[in-house]
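Accompanying notes for the structure given below.
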Amino acid sequence: MVDFLAENNLCGQAVLRIVSRGNAIIAELLRLSEFIPAVFRLKDKSDQQKYGDIICDFSYFKGPEYYDSKLEAKPDLQDLDDEFRENNLEILSRFYLAFESVHKYIVDLIRYLDDLYEGVYIQQTLETVLLNEDGKQLLCEALYLYGVMLLVIDQKMEGEVRERMLVSYYRYSAARSSADSNLDDICKLLRSTGYSSQSGAKRPANYPESYFQRVPISSTFISMVIGRLRSDDIYNQVSAYPLPEHRSTALANQAAMLYVCLYFIPSILQTQQAKMREIVDKYFPDNWVISVYMGITVNLVEAWEPYKAAKIALNYTLDSANIREQASRYSVSMEGLRPQIQQLLKEGFLREEIILDNVPKLLNCLRDCNVSIRWLMLHTADSAYDPNNKRLRQIKDQVINDSKYNPKILFQVLLDTAQFEFTLKEMFKKMLSEKQLKWESYRAEGSERMTELAEVFSGVKPLTRVEKNENLQAWFREISKQIESLNYEDSTAAGRKTVQLIQALVEVQEFHQLESNLQVCQFLADTRKFLHQMIRTINIKEEVLITMQIVGDLSYAWQIIDSFTSIMQESIRVNPSMVTKLRATFLKLASALDLPLLRINQANSPDLLSVSQFYSGELVTYVRKVLQIIPESMFTSLAKIIKLQIHAIMEVPTRLDKDKLKDYAQLGARYEVAKLTHAISIFTEGILMMKTTLVGIIKVDPKQLLEDGIRKELVRRVAYALHKGLIFNPKAKTSELMPKLKEMAATMDGFYRAFEYIQDYVSIYGLKIWQEEVSRIINYNVEQECNSFLRTKIQDWQSVYQSTHIPIPKFPAVDESATFIGRLCREILRITDPKATCYMDQLNTWYDLKTHQEVTNNRLFSEIQDTLGTFGLNGLDRLLCFMMVKELQNFLSVFQKTILRDKAMVDVFKAMLSAVNPVKGIVANASKGYANAVAKTQRIWGPYLESIMKVGQMQILRQQIANELNYSCKFDSKHLAAALENLNKSVAPSERMLVHIYITTKRLPYFPIVNFLFIIAQLPKLQYSKNQGELWSTLLILTGEIKVSLNQLYPYSQGKSGSV
């Protein structure tokens, strides 16, 4: 019969592809669950007020016309809806494709079952497929994976959120009009169940069985699958766990499948007590917390509470005496296993001969360790017990007390077991690879010894006191030939024959009284030793590695391992070399990837890479999280070094009197610095001891891991310092800007100096890392601040500055600004407000209009350069550009909607135009005509003036930023500055600050005459100051600022719009 999984077996390949796709879909759902846009949760009042009318649940389908008409009635709401669509359609499409794939999966499975019933696959029916070992496994997995998908969706994506996302996708996409769209079916399948994963949330009635029955599946198929899962060991796991007390662990994966599949026929859970008793006796006699899929844990006490038959059947397992018995058993087991494992891990204990002689004992030790760790980790996990459920609390307390549970001891046993398992596997792999070579070497040695002994008894080769014996000579020659004839390929026959040869050599020594000759005895003993080695070597089988892989499965801890993170980190902090043992634990955890990838690999699916990358990435992220304690500890020591260097250790002058040498020695402080520096280098050594490791498909280089960890900690601390250090009180009498900038500059300089100091001790490029990460922090914050001016926002996952491994933290906003760069910019705008200050161009200084005191000057930008560097100044410039665009857009809106729609104003402009034409002539009675026009237009200049002043203010700030950048560039890198200046002159000669085009407009009627009248209206308000030699105004109107606005809005005299 053709192998069920053979490529030419259409029936097997069809179901294999379905199961493969099922594992890939679950990975995609888990991946997407981390990227649900927060706005769809509508948790904040601000989100509810802003988006409440455009984000709807399935109530939308009851009256879409009502919602659409509400949108059409409000242009602002319509504009917000369009902006929301542009920002979220891409991610909504990704979610929809995932939801659609779930529906398609079950539809394809039902079609496959129909094909089996209709005989599409020749000689294959549902019964014959279930009789085949692979077919039975795949059909059970197909149903189980569908159930897991539904549970994952409900746990990771709340029902209301799903509905809102589906409705938004329906409204924004073209799928609603597509003829082959199955959006309705997807909505029916994934509508809210009422379930909430929040602690203490009440479970909905008939959940999850009503959810599982939304798409009808053949009851015969479900019954037969459950029948197989109840009765068979479908994965032949019992052979890896021969002890009867390990049976529930052996069948744990099958038990999880059965748990999920039972929800498709809830009548078994509810009424069929005999079946449920059979299931509990076989799968759950000593356990009630199970891992369903990749560490998703379920407590059967809670899960089966609503089902009468299941609850009754589980009562014996949950009997207080049984819980005590099981907990005590594992407590005793842990006490005995711990010293045993530690003995096995002693340096030099695990040698090849020890392993070969004790394979069964070593495997039994591994089984006991893994079974005990599994039971204790699952049954003491916080995630498995709802703290609001009194019965669950009592069971958990009893387990902890009776098992004498100590998380540190359990973690230590897990570490030792992982290390033992890793060492044993590596040694066994090595022995397996050298197996044939060694066996042939032992055979040659044995045969050679027998040939030599035959020559000794021939009388030709002299040997002390050995007489010639032709019979023994012939016999030993024959034995030599027999040894030589042993065939490696036929290991069974070779092993049997080797045993017979050993026995023959023992007998010849006894019957021929050869004991008297020590040299002959030695030859015989050596030959027997080689033959024994041959037997040992031939018994090295791959099945041992397979058993170790099965027994060492840690997929159940994929999520609950996180509860041990603090213990791991504390262990590393105390002893950095602990990282080497953790490496084995991480590799053990990586074995969990085999579960979802097996079928994908068998099906040669293109999803293999993406699924592998997802799970490997998750594990590497966890590894980074655990090892982050090393950079954290390094930076803690670094902070102490900084403090000592700044406040305690005096800088030694270039020339020093001999008498003062002792004062500058400061041995105590310098010893403390040396001690802290040594601690930092020890931490570095600790992480570098972990060799390059392949975690899943991702290679983890410890040096890169250390550098990324240092970058992450640097980013976290610098970002926090900038966030906290640049918060300003707008009500302060004197501005806090300069003091806070100086304080921040000192903080940043401290970070920089410390980083410079440490780089040689941790073998990193400190300056490179500093510049890259500080620029990334500033650019990211500028990008987030500019998002408020953009219609299409840049999300974190789209940002070129944000990183998964080295994330830049986001802090809650403390005012209208989203980030520190926004607060800094708005504080500068506040203190240089043209309504309260006057700018002196010759002095590059702002003065207070009332007191005539200096407010700030161009030193402000030098201070920003010292604090945030070139990146900060560039970011400020960019933000000011966005603010100018917004201001110019507001200005246009005022001009078009207020000025040009006012008929009286337009008549004034027309009359003025006719009065001043032709422009080359002299205007008759100019003073009277201008005065009348200004008087009639007086009421429109308020908002006009405000926009002009704001744009002018921002342009002045940009000029100052450009000057500072130009100066610092020439000072720091003269040659590069000169090269850049020449390039600018040759390539972009017109790139000057005041002629940039920020927005494009259509030709604005009457714009020149409006600006002309505006200037005439404002000129009388200017006054001359003899002290400063400048024009002062209570409203600070500068012709330069008006020129700015003219350049932005009307760049060419013909009125043609420019291009951005």
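Residue 1324 is where the sequence shown ends in my numbering, and the numbering goes up by one at each step.
Glycine included, each C-beta is placed from N, C-alpha and C at the ideal position.
For Cys320, DSSP assigns no beta-bridge partner whatsoever.
The C-beta of Asp345 has 16 or more other C-beta atoms within 10 Å across all chains shown, which makes the residue buried. Counting along the chain, Tyr505 sits inside no beta strand (DSSP E), nor does DSSP assign it H or E at all.
Residue nearest to Ile659 within the set Leu674, Ala591 and Ala1195 is Ala591 (criterion: CA-CA distance).
In this model, Phe548 and Gln767 are separated by some 49 Å (Cα to Cα). Excluding sequence positions up to five before and after Ser284, its CB lies within less than 8 Å of the CB of Arg863, Ile864, Gln866, Ala867, Ser869 and Asp871, all in the same chain and listed in chain order. With respect to Tyr527, Phe476 sits close: the two C-beta atoms are nearer than 7 Å. If you ignore the 5 residues before and after Leu861, its C-beta comes within less than 8 Å of the C-beta of Asn287, Leu872, Val875, Ser876 and Tyr879, all in its own chain and listed in chain order. In the DSSP assignment, Ser897 falls within the unbroken alpha helix (DSSP H) covering Ile893 to Lys907. For Ile825, the three-state secondary structure derived from DSSP is helix.
Runs of the alpha helix (DSSP H) lying entirely within the region 1122-1207, each at least 4 residues long, are 1123-1158, 1167-1180 and 1190-1200 in chain order. Residue pairing for Tyr1111: DSSP places it in a beta bridge opposite Cys1102 and Glu1118. Between the region 578-589 and the region 546-562 there are three or more C-beta pairs closer than 8 Å, enough to call the two in contact.
Taking all protein chains shown into account, Ala362 has 16 or more neighbouring C-beta atoms within 10 Å of its C-beta and is therefore buried. For Thr389, there is no enclosing alpha helix (DSSP H), as DSSP marks it with neither H nor E. Take Ile576, set aside five residues on each side of it, and the residues of its chain with a beta-carbon closer than 7 Å to its own are Gln537, in chain order. Asn1230 counts as exposed, since fewer than 16 other beta carbons sit within 10 angstroms of its beta carbon.
Counting only the Cα atoms, Lys1249 lies some 14 Å from Leu1240. Each residue's CA atom was taken as its position, placing Cys633 and Gln676 some 12 Å apart. Straight-line measurement puts the Cα of Gly950 at about 48 Å from the Cα of Glu397.
Segment contact: the region 798-808 against the region 834-851, fewer than three CB-CB distances shorter than 8 Å; contact not assigned. Judged by beta-carbon spacing, Gln1048 lies within the 7 Å limit of Ala1082, meaning their Cβ atoms are closer than that value. Contact check between the region 458-471 and the region 363-374: fewer than three CB pairs, one atom from each, fall below 8 Å, which does not count as touching. Here Phe899 is actually not in contact with His987; their C-beta atoms are around 17 Å apart, not less than 8 Å. Distances from the CA of Tyr436 to each of Gln401, Val784, Glu347 and Lys466 were compared; the closest alpha carbon is that of Glu347.
Here DSSP, grouped into helix, strand and coil, assigns Lys997 to coil. According to the DSSP secondary-structure assignment, Val562 is paired through a beta bridge with Ile554. By alpha-carbon distance to Ile1212, the top candidate from Glu1151, Lys997 and Pro917 is Glu1151. Per the Cβ contact rule, the region 673-693 is in contact with the region 622-631 (3 or more Cβ pairs under 8 Å). Under the DSSP definition of a beta bridge, Ile962 partners with Val959. Beta-carbon to beta-carbon, Cys404 and Met521 are separated by about 6 Å, close enough to satisfy the 8 Å threshold. Glu748 sits close to Ser711, with the two beta carbons spaced by under 7 Å. If you draw a straight line from the Cα of Arg707 to the Cα of Cys785, it is about 19 Å long. Here the region 373-385 makes no contact with the region 492-506; the two share fewer than three CB pairs at distances below 8 Å.
At a cut-off of 4 residues, the continuous stretches assigned as alpha helix (DSSP H) that sit fully inside the region 749-799 are 755-775.
Counting every other CB atom within 10 Å of its CB across the protein chains shown gives Gln606 a total below 16, marking it as exposed.
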